[in-house]
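Residue numbers (the numbering used here): -15 to 153.
Each residue gets a CB set at the ideal place from its N, CA and C atoms; glycine is no exception.
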C-alpha cells in the first residue's frame, strides 16, 4: 500500500521528483559497479546487469505490474545512442540519460494503471450502485452498503482484475 501512496505523491510532485528518484537509483547502481570493478565507466555487460538492477528497484518501489527489462539487443542499440564519446562504455552522466530514456515508458504505464484504479473505478462504482436501485432483491442490499465501502470494494475488484490480466499475459 505504501507503494501506491508513493506513486500518487509522484504524480502530485511531478516530473522533477521522478527525475530525482531515477537519478538516485542510477547513481546507486553506477556506484555499485564502479566500486566492484574499479572502473570509471560501465561496459555493455555491466550495463546489462545494471539495467536488471534498476528494473528490480522500479518493480519494488513503484506500484503497478511487474515490468520486464528490455532485451540485450535493445540495450545495445540504446547504448550506441547514449555513448557520446564513442568509447564503448557509459560514464555516470551517459548512464543517467540512458536510464531516464529507458524508464520513461515504464513510469507512464504505471501512472495509467493508477489513473484507472483510483479515478475511473470509483466513478464506475457509484454509477453501478445507482443502476442497481431498481433490481429486485439486489437493489436493497446494495443501497444498504455505505457508498464508501461499495466504492472501495469495486476499486479493489478492478485492481485485482488488472493484476490477474497481467499475470495471464
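C-alpha gap between residue i and residue j, whole angstroms
i           : j           : result
residue 129 : residue 145 : 22 Å
residue 12  : residue 113 : 48 Å
residue -15 : residue 55  : In this prediction, residue -15 scores a pLDDT of 44, lower than 50, which makes its location untrustworthy; the coordinate-derived value is nonetheless stated afterwards. Residue -15 and residue 55: Cα-Cα distance of roughly 30 Å.
residue 10  : residue 104 : 33 Å
residue 58  : residue 17  : 21 Å
residue 118 : residue 131 : 17 Å
residue 75  : residue 67  : 8 Å
residue 61  : residue 85  : 13 Å
residue 125 : residue 1   : 45 Å
residue 153 : residue 50  : Model confidence at residue 153 stands at a pLDDT of 43, short of 50, so the residue's coordinates are unreliable and nothing is read from them.
residue 115 : residue 133 : 17 Å
residue 65  : residue 123 : 60 Å
residue 141 : residue 127 : 19 Å
For residue i, the three-state DSSP class (helix, strand or coil)
i           : result
residue 54  : coil
residue 68  : coil
residue 106 : helix
residue 81  : helix
residue 118 : helix
residue 133 : helix
residue 32  : helix
Candidates the options, of which the one nearest residue i by Cα
i          : options         : result
residue 31 : 1, 73, 3        : 73
residue 8  : 24, 123, 41, 18 : 41
residue 53 : 0, 39, 65       : 39
residue 71 : 117, 43, 27     : 27
residue 4  : 36, 68, 81, 33  : 81
residue 34 : 2, 125, 87      : 87
residue 15 : 1, 37, 0        : 37
residue 29 : 121, 78, 63, 1  : 63
residue 83 : 6, 44, 2        : 6
residue 24 : 77, 123, 65, 44 : 77
Strand pairing of residue i, partner residues [DSSP]
i          : result
residue 74 : 26
Segment contact, 8 Å Cβ cut-off, at least three pairs: the segment 102 to 110 with the segment 130 to 144: Taking 8 Å as the limit for Cβ pairs, the verdict is that the segment 130 to 144 does touch the segment 102 to 110.
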